[in-house]
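If you read the sequences in order, they're chains Z and X.
Count along the first sequence from 1, then add 16; that gives the number in my numbering.
Count along the second sequence from 1, then add 68; that gives the number in my numbering.
Virtual Cβ for every residue (Gly too), placed ideally from N, Cα, C.
What you are looking at is a predicted structure, and each value in this text was computed from that prediction instead of being measured.
Heads up, the thing below is written out as structure tokens.
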Amino acid sequence: MSSTDTCKRTAEITVPLAEVLAHTEKLVLEYQRKATMPGFRAGKVPLSVIRKRFHQDIRQQVVEHLVPIAFRREADAAGWRIVGDPKVTDIHFHEGSPLKFKADYEVAPEFELGEYRDIEAPFKEPEVTEADIDAHVEQMRVQRAEYVNIDPRSVESGDYVAISLNSIAGVEGEPVQQDEMVLHVGGEETMPVFSEALLGRSPGDEMDVEVEYPEDYSQQRLAGRQVTFHLVVKGLRRREIPELNDEFAKDVGDFQNLGELRDETRRNLLRAREQEAQAAAKTAIVDKLVDTHEFPVPQAWVDAQIESVLQLQLQSLGTDGPVDLSKLNLDWDKLREAVGPRATREVRGSLILSRIADRESIEVLNDEVDRELHRMARNARQPAARLRMQMEKDGALGRIANQIRTNKVLNFLFENARKVAPPE
Amino acid sequence: MNYYEVIRRPIYTEKAVGMKEDARTLCFEVHVDATKTQIAEAVSKLFGIKIEGIRTVNQVGKLRRRGRSSGYKADWKKAYVKLKEGETIPEFAEV
């Protein structure tokens with residue numbers, strides 16, 4: 017046993033000779049039953065021969081079998097709360113003497129739970145003003161705009177122009193090709209180069225445009241590149257935004273009139289903002305808790321967390337289309353190091369939260385798991401029963417329960433926090 | 069014939085192991101023309117042990133067929149070598 021400022025411990029464990037011999041004997045008999053050797057009938061090879069012939073195999077199996085058992089027994093007896101798998105070193109195993117080995121393992125950290133109620137958290141009840149709703153409804157109108165063909169004339173600023181475009185140079189791999197896209201000439205969302213090139217043209221005109229994309233352009237394959245496009249003007253369009261009346265409300269969804277639409281919009285906005293504000297407050301609370309609780313964290317958990325963080329990041333890369341990992345040339349060790357401190361904090365946070373849950377006896381009811389499961393089943397368009405079976409198999413059900421518990425703790429902390437208006 | 073020509077190989081079978089353990093007897097395949105005297109000398113010199121007695125068996129080669137043609141495996145001689153009481157049994161021929 018050694019220092020307590022980390023979670024690492026070392027134990028020297030001895031397995032009594034009698035136990036070693038008993039297990040060896042068992043294995044010898046097992047081997048006899050299964051062994052086939054030329055010159056011997058199956059299962060009739062003498063034990064003395066088995067012992068010599070399979071000496072190495074049996075020895076190895078004895079160690080593999082007895083070491084974990086002995087370690088577990090020792091751990092249970094001493095009441096260690098083991099995290100991860102122990103590292104076994106210095107195995108001493110000689111004929112006629114007890115089996116001795118050293119195990120390096122990590123234990124769940126012991127720590128005093130500090131103050132967790134009445135934590136200062138930035139939070140302000142969200143508000144939704146009439147102007148917010150106006151803006152949102154306006155956005156919905158624009159989204160529902162229709163583009164109507166108009167007679168050919170030369171392009172003026174503010175026109176909507178239908179073009180086809182393909183890249184001639186500057187793009188690696190597949191060229192970019194769009195048969196039909198509508199650009200708003202002079203609009204904010206259109207790159208100025210395109211607007212300039214299109215001004216004064218008429219349908220049927222063709223031209224080449226050279227575009228320099230900024231480093232932080234949203235499409236990764238184009239960011240930071242100089243690309244030449246070939247454009248063909250196909251036609252002019254006029255944007256027709258639906259009028260703001262009860263008719264529009266009915267068109268949008270299950271609303272009778274504009275009033276209902278606005279009410280629903282208000283509710284949605286309010287809910288979204290409330291969630292956002294609460295999430296921020298909860299993050300702040302957990303941050304404070306992590307700051308005020310100093311205790312060692314088992315490396316095994318940190319490593320697991322690092323892996324899952326990297327996994328998530330990889331997945332988010334993948335959303336822009338398939339990514340060739342070998343091309344990205346990732347330095348995994350560096351990446352792991354980079355997320356290390358964050359992972360440590362996250363592990364510490366979740367340890368604190370689960371301790372609070374224990375202290376406050378926050379439990380997850382089966383009903384709650386069921387409800388979450390049904391919700392997920394609906395989203396995945398799968399029968400709930402099938403999803404449940406699948407999740408039971410890969411242990412996801414436990415994760416869900418854990419998630420619910422964490423959320424409950426967060427809600428508890430939030431309710432008991434001292435809310436302070438955030439600085440504007 | 070030198071000793072290594074006399075003794076061709078140890079025989080390691082259920083019967084041979086049984087006799088070695090229960091009747092302090094070693095079992096070898098030996099040269100067909102080897103005499104008991106020659107075998108006794110070879111074994112005692114090679115393993116440094118004293119020998120009580122030797123029994124030999126002439127094994128007739130088995131019939132082997134390959135399609136239409138048939139023939140016999142070579143005849144060979146087997147020797148059971150009994151050690152004197154109290155001799156340490158040499159360890160050899162472990163597969």
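Below 8 Å, too few C-beta pairs join the stretch 96-109 of chain Z and the stretch 283-292 of chain Z to call them touching: fewer than three. Taking the Cα positions, R77/X is about 16 Å away from T103/X. Pairwise C-beta distances place the stretch 214-227 of chain Z in contact with the stretch 242-257 of chain Z, as three or more of them are shorter than 8 Å.
When only Cα atoms are considered, R358/Z and R352/Z end up about 10 Å apart. In this structure, S112/X lies away from I122/X, with their beta-carbon atoms at least 8 Å apart. For V65/Z, the residues of chain X that pass the 7 Å Cβ criterion are V85, in the order they occur in the chain. Pairwise C-beta distances place the stretch 103-122 of chain Z in contact with the stretch 81-94 of chain Z, as three or more of them are shorter than 8 Å. Residue E41/Z holds the alpha-carbon nearest to the alpha-carbon of Q77/Z among E41/Z, R253/Z, Q272/Z. Neighbours of T93/X in chain Z, taken as residues whose beta carbon is under 7 Å from its own, are absent, since the nearest beta carbon is some 15 Å off.
L129/Z and E408/Z have their C-alpha atoms some 33 Å from each other. Against chain X, a Cβ distance below 9 Å from K50/Z picks out nothing, because the smallest value is about 16 Å. Rounded to the nearest whole angstrom, the CA to CA distance from Q193/Z to G186/Z is 13 Å. The DSSP-derived three-state label of R391/Z is helix. Of E89/X, L94/X, A84/X, G116/X, the smallest CA-CA separation from G55/Z is found for A84/X.
Using a C-beta cut-off of 8 Å, the stretch 30-46 of chain Z makes contact with the stretch 99-116 of chain Z, since at least three inter-stretch Cβ pairs fall below that distance.
In chain order, C23, F311, P312 place their CB closer than 6 Å to the CB of P125/Z, counting only its own chain and leaving out the 5 sequence neighbours on each side. For Q127/X, no alpha helix (DSSP H) encloses it; the enclosing beta strand (DSSP E) starts and ends at 119-127. Under the criterion of beta carbons closer than 8 Å, M197/Z and I179/Z qualify as touching, at roughly 6 Å. Here DSSP, grouped into helix, strand and coil, assigns S137/X to strand. If only complete runs of 3 or more residues are kept, the stretch 194-281 of chain Z shows the beta strand (DSSP E) at 222-228, 242-256, in order along the chain. The beta carbon of G55/Z falls within 8 Å of a beta carbon belonging to chain X, placing the residue at that interface.
What Y80/X touches in chain Z, judged by beta-carbon distance under 8 Å, is G55, going in chain order.
Contact with chain Z is absent for E109/X, since none of that chain's Cβ atoms lies less than 8 Å from the residue's Cβ. Counting the other Cβ atoms within 10 Å of the Cβ of D175/Z gives 16 or more, which makes it buried.
Contact check for A239/Z against V225/Z fails: the beta carbons are separated by 8 Å or more. Counting C-beta pairs closer than 8 Å gives fewer than three between the stretch 384-396 of chain Z and the stretch 255-266 of chain Z, which falls short of the contact rule.
Nearest neighbour of F70/Z by Cα position, chosen from V79/Z, A51/Z, L260/Z, A58/Z, turns out to be A51/Z. Membership of R77/X in the beta strand (DSSP E) is indicated by the continuous run 75-78. Scanning R136/X, T81/X, R132/X for the CA closest to the CA of I66/Z turns up T81/X. For the C-beta of E97/X, not a single chain Z residue is nearer than 7 Å; the gap to the nearest is close to 12 Å.
Pairing F139/Z with A297/Z gives a Cβ-Cβ distance under 8 Å. Looking at the DSSP output, R132/X sits in a beta bridge with G139/X. Using a Cβ-Cβ cut-off of 8 Å, P62/Z is close to E82, V85, G86, E89 of chain X, given in chain order. Taking the CA atoms as reference points, G275/Z sits about 47 Å from S183/Z.
Exclusion of the five residues before and after I322/Z leaves R352, V355, G356, A359 as the residues of its chain whose Cβ lies within less than 7 Å of its Cβ. Looking at the DSSP output, L37/Z sits in no beta bridge, so it has no partner there.
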